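Below is one structure, written out as structure tokens, with a few remarks after it.
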Amino acid sequence: MTTRAGRRGRGPIRWVVAFLLLLAVAVVHAPQLLAFPYEQHVGTVTVYAERPIDPRIASELARAEGLLRASPIYTGPLDRSLFLTDAGWRWRLLAIQSPGAFAFRRTFSSAIVFNRSDVAADRVTNGRAIGGTRTLSGVIAHETTHIMIANHLGELRSAMLPTWQQEGYADHVARESSLTDAEASRLRKTDPGAPALVYYDARRRVAAALGAKRGSVDAFFAGG
682 MTTRAGRRGR GPIRWVVAFL LLLAVAVVHA PQLLAFPYEQ HVGTVTVYAE
732 RPIDPRIASE LARAEGLLRA SPIYTGPLDR SLFLTDAGWR WRLLAIQSPG
782 AFAFRRTFSS AIVFNRSDVA ADRVTNGRAI GGTRTLSGVI AHETTHIMIA
832 NHLGELRSAM LPTWQQEGYA DHVARESSLT DAEASRLRKT DPGAPALVYY
882 DARRRVAAAL GAKRGSVDAF FAGG
């Protein structure tokens with residue numbers, strides 16, 4: 682039998698749970714709520730970071746923009762927020778679903794959160810012994826490509842694309858993988874299910890598919 686006092690006691694708990702859920706949703710789409718100590722504006726991009734932002738961020742953003750311009754679906758600089766972490770508590774909280782990623786961007790969001798970032802070295806790492814390093818500028822281009830795809834196709838259609846098209850095209854635009862050909866060959870023998878191989882193979886598959894479509898990105902996304 683439930684007493685009136687018991688029902689009253691559960692009321693505040695429900696409010697606390699609801700508040701925490703609302704806060705979690707807000708943080709996912711607005712990571713700046715986690716009070717990143719450093720902030721810098723570069724063109725249409727706002728950079729937040731856990732340590733002082735090296736001036737070389739401007740040249741790395743410029744390199745990323747150059748990669749993006751080569752894509753037929755590029756329409757101009759996009760408003761974005763980049764969150765550079767040291768793979769500490771902010772990363773662990775924000776990347777709870779993908780802690781081994783180099784970076785991620787949520788659906789319907791222009792915020793991109795990065796794993797352990799080193800602006801001075803133009804580098805992002807994810808802690809893996811093989812395939813654990815990429816250029817920061819390349820990862821910026823990769824994640825921004827996801828925004829461009831969503832803008833071009835619509836968020837829902839973009840989200841329904843197979844992984845090899847989504848990630849392979851983003852790496853195609855970024856013109857890099859986390860693996861060399863030799864590393865991919867070795868990893869295929871020791872860990873054939875490694876996530877890095879999924880991206881490596883997807884990029885090669887996309888290059889072949891675009892070649893077959895004579896470079897038409899619309900035909901590629903329509904038919905793979």
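Quick note, in the working numbering, the sequence shown goes up one by one and the last residue is 905. Backbone N, C-alpha and C define an ideal beta-carbon position, used for all residues, glycine too. Owing to the predicted nature of the structure, the values given are computational and were not obtained by experimental measurement.
**Asked** Does DSSP put residue 794 in a helix, in a strand, or in coil?
**Response** Looking up residue 794 in the sequence shown gives position 113. In the structure shown, residue 794 sits in a strand (DSSP, three-state: E or B).
**Item:** Own chain partners of residue 888 with C-beta closer than 7 Å, once the 5 adjacent residues on each side are dropped
**Value:** Stepping through the sequence shown from its first residue, residue 888 is reached at position 207. Excluding residues within five positions, the ones whose Cβ falls inside 7 Å are 853.
**Asked** So, are the CB atoms of residue 786 and residue 824 less than 8 Å apart?
**Response** Within the sequence shown, residue 786 is the residue found at index 105, counting from 1. Within the sequence shown, residue 824 is the residue found at index 143, counting from 1. Contact flag set, yes.
**Three-way DSSP call (helix, strand, coil) for residue 746 in this model** = Here residue 746 refers to the residue found at position 65 of the sequence shown. Three-state DSSP puts residue 746 in a helix.
**Request:** Can you give me the start and stop residues for the alpha helix (DSSP H) that residue 783 sits inside?
**Result:** Translated into positions along the sequence shown, residue 783 becomes position 102. Counting along the chain, residue 783 falls outside any alpha helix (DSSP H), and DSSP gives it neither H nor E.
**Asked** Quick one: Cα of residue 870 to Cα of residue 794, how far?
**Response** Translated into the one-based positions of the sequence shown, residue 870 becomes position 189. Translated into the one-based positions of the sequence shown, residue 794 becomes position 113. Residue 870 and residue 794: Cα-Cα distance of roughly 32 Å.
**Message:** In this structure, how does DSSP classify residue 820 when only helix, strand and coil are distinguished?
**Reply:** Here residue 820 refers to the residue found at position 139 when the sequence shown is read from its first residue. Residue 820: helix per DSSP, three-state reduction.
**Asked** If residue 821 sits next to residue 745, beta carbons under 8 Å apart, how far is it from one beta carbon to the other, in whole angstroms?
**Response** The residue you call residue 821 lines up with position 140 of the sequence shown. The residue you call residue 745 lines up with position 64 of the sequence shown. Right, the Cβ-Cβ distance comes to about 4 Å (below 8 Å), so this counts as a contact.
**Asked** CA-CA distance, residue 818 and residue 726?
**Response** The residue you call residue 818 lines up with position 137 of the sequence shown. The residue you call residue 726 lines up with position 45 of the sequence shown. Looking at the two C-alpha atoms, the distance is approximately 13 Å.
**Item:** Contact belief for residue 741 with residue 803 at Cβ below 8 Å, rounded distance in angstroms
**Value:** Position 60 of the sequence shown holds residue 741. Position 122 of the sequence shown holds residue 803. Indeed, because the Cβ distance is near 5 Å, the residues count as touching under 8 Å.
**Request:** Taking residue 729 and residue 763 to be in contact with their CB atoms under 8 Å, please state how far apart those CB atoms are, rounded to whole angstroms.
**Result:** Residue 729 sits at position 48 when you count from the first residue of the sequence shown. Residue 763 sits at position 82 when you count from the first residue of the sequence shown. Correct: roughly 7 Å between the Cβ atoms.
**Asked** What did DSSP end up calling residue 799 once you bin it into helix, strand or coil?
**Response** Taking the sequence shown and counting its residues from 1, one reaches residue 799 at position 118. Here residue 799 sits in strand by DSSP.
**Message:** Can you tell me whether residue 712 is buried or exposed? The criterion is at least 16 other CB atoms within 10 Å of its CB, across all chains shown.
**Reply:** By one-based count along the sequence shown, residue 712 stands at place 31. The residue is buried, with at least 16 neighbouring Cβ atoms inside 10 Å.
**Prompt:** With contact counted as at least three CB pairs below 8 Å, one residue from each stretch, are the segment 732-739 and the segment 865-882 in contact?
**Reply:** no
**Asked** How would you label residue 748, buried or exposed, when you count the other beta carbons within 10 angstroms and need 16 or more for buried?
**Response** Here residue 748 refers to the residue found at position 67 of the sequence shown. By the 10 Å Cβ count, residue 748 comes out buried.
**Asked** Where does residue 776 fall in DSSP's three states?
**Response** The residue labelled residue 776 in the question sits at position 95 within the sequence shown. It is coil, neither helix nor strand.
**Message:** Can you tell me whether residue 801 sits near the ligand SAM, meaning its C-beta is under 7 Å from at least one heavy atom of the ligand?
**Reply:** The ligand SAM is not part of this structure, which contains no ligands at all.
**Asked** Could you give the C-beta distance for residue 796 and residue 770, rounded to a whole number, given that I count them as a contact under 8 Å?
**Response** Taking the first residue of the sequence shown as position 1, residue 796 is located at position 115. Taking the first residue of the sequence shown as position 1, residue 770 is located at position 89. About 13 Å; that fails the 8 Å criterion.
**Item:** Assigned secondary structure, residue 804 (DSSP; H/G/I helix, E/B strand, else coil)
**Value:** Counted from its first residue, the sequence shown places residue 804 at position 123. Of the three classes helix, strand and coil, the one that applies to residue 804 here is strand, per DSSP.
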